[in-house]
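In this text, residue positions in the sequence shown follow my numbering: the first is 406, and each later residue adds one.
Glycine is no exception: its CB is placed at the ideal position from the N, C-alpha and C atoms.
Since the model is a prediction, treat every value here as computed from it, not as a measurement.
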Amino acid sequence: LPSHPKRTVMRLSIFKSVFAAVSAAKVLLVIGCVLMPCLAQAAVTDTIYIEKPDNVIDSTVAITRYDRRIHRYRRSWNDLIPTQQVVQFCGNMGLVSVGIGWDYGKRRQWETHLLFGIVPKYDSHDTKVTMTLKQNYIPWSIYMKNDWSFEPLQCGLYLNTVFGHDFWTKQPSKYDSGYYPFSTRLRPNVFVGERFTKAVPNNRRKYIKSLSVFYELSTNDIYVMHLVHTGSIGFWDMFGLSIGIKAQLF
Numbered sequence: 406l407p408s409h410p411k412r413t414v415m416r417l418s419i420f421k422s423v424f425a426a427v428s429a430a431k432v433l434l435v436i437g438c439v440l441m442p443c444l445a446q447a448a449v450t451d452t453i454y455i456e457k458p459d460n461v462i463d464s465t466v467a468i469t470r471y472d473r474r475i476h477r478y479r480r481s482w483n484d485l486i487p488t489q490q491v492v493q494f495c496g497n498m499g500l501v502s503v504g505i506g507w508d509y510g511k512r513r514q515w516e517t518h519l520l521f522g523i524v525p526k527y528d529s530h531d532t533k534v535t536m537t538l539k540q541n542y543i544p545w546s547i548y549m550k551n552d553w554s555f556e557p558l559q560c561g562l563y564l565n566t567v568f569g570h571d572f573w574t575k576q577p578s579k580y581d582s583g584y585y586p587f588s589t590r591l592r593p594n595v596f597v598g599e600r601f602t603k604a605v606p607n608n609r610r611k612y613i614k615s616l617s618v619f620y621e622l623s624t625n626d627i628y629v630m631h632l633v634h635t636g637s638i639g640f641w642d643m644f645g646l647s648i649g650i651k652a653q654l655f
């Protein structure tokens, strides 16, 4: 048979091209098998999952009576979370008192504080612990410059009790009837005062929303009785001065 050198060379070049393409495909396949798990892991890592809070009701889903009851139940418990921290000095509730508070109302004009205080023993036998339940009312607030505000009036009342066997609610039988016209364990107080509040800018808030300093003038039933019935004290003598700090958490 006659030989055709040109055809032979062309066939060899075609075979070489096919072999090179097959080799390249094998290499790409191996690289893909190696990189595929890494790419899949990166895709999982970069994916952002957004979870819907449990207390948010989806309007696109039919809401049952059970869902409404659970939502009300959780919202009621959320209302019990304290929104304030308070430190108060003096005020017929101890040398220093610390506690928590809640603010509520359409303008957050109502506040309720629960405080525990310390009375040093001084001339008595031991140190005493007090508990105070306090109700505040702040009718209005005046905004000033640089995130400052001024509350020209805060008023309210509070009940204070002292823990210890030396104090009683009902007069002991060893005293004559009417000897003590009041309880030595429970003290009702009324007060008026003012406060200044500094709001923390949104971009700088870490722990608190605002910080307030205040003062109060307070009195209780014993001082009023001494002023009205016996006249043993002057008008301004029946008032006690207290100062405090209140941190608004949120």
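In chain order, what residues of the same chain have a beta carbon less than 7 angstroms from the beta carbon of C560, not counting five sequence neighbours either side?
Y542, F596 and V597
So is N607 buried or exposed if we call it buried at 16+ other beta carbons inside 10 Å?
exposed
For I475, name the three-state secondary structure that DSSP assigns.
helix
Reference L654; option with closest CA among R474, I505, Y478 and A467:
I505
DSSP three-state label for D381, please.
The question about residue 381 has no answer, for the chain in this structure spans 406 to 655.
Which one or two residues does DSSP pair with Q493 in a beta bridge?
S502 and G649
In this structure, does DSSP put S637 in helix, strand or coil?
coil
Measure the beta-carbon distance from N594 to S637 and round it to whole angstroms, keeping in mind my assumption that it falls under 8 angstroms.
Rounded, the Cβ-Cβ distance is 19 angstroms, inconsistent with contact.
Among the candidates I648, V524 and N483, whose CA atom is the shortest distance from the CA of F568?
V524
Does the Cβ-Cβ distance between Q490 and V503 come in under 9 angstroms?
yes
Cβ distance (whole Å) where P487 is taken to contact W515 below 8 angstroms:
Going by Cβ atoms, the distance from P487 to W515 rounds to 14 angstroms, so no, they are not a contact pair.
Secondary structure at M536, three-state DSSP: helix, strand or coil?
strand
Which residue comes first and which comes last in the beta strand (DSSP E) that contains V629?
Taken as a continuous stretch (DSSP letters only), V629 belongs to no beta strand (DSSP E), being part of the alpha helix (DSSP H) at D626 to M630.
What does the Cβ neighbour count give for Y527, buried or exposed, with the cut at 16 atoms within 10 Å?
exposed
Do Y620 and R600 have their C-beta atoms closer together than 9 angstroms?
yes
Nearest by alpha-carbon distance to L558: which of A652, W545 and H570 is it?
W545
Assumed close pair T602, E556 - CB separation to whole angstroms, cut-off 8 angstroms
7 angstroms
Kindly give me the distance between the Cβ atoms of L563 and K539, rounded to whole angstroms, as I take these residues to be in contact under 8 angstroms.
Reading off the sequence, residue 563 comes out as Tyr, not Leu. Between K539 and Y563 the Cβ distance is about 4 angstroms, and since that is below 8 angstroms, they are a contact.
Other residues of its chain near R513: CB distance less than 7 angstroms, five sequence neighbours each side excluded:
none
Which word fits G496, buried or exposed, when buried means at least 16 other C-beta atoms lie within 10 angstroms of its C-beta?
buried
When you compare only the Cα positions, how much space is there between L519 and H570?
22 angstroms
Compare the beta carbon distance of T469 and M498 with 9 angstroms and say whether it is the shorter of the two.
no
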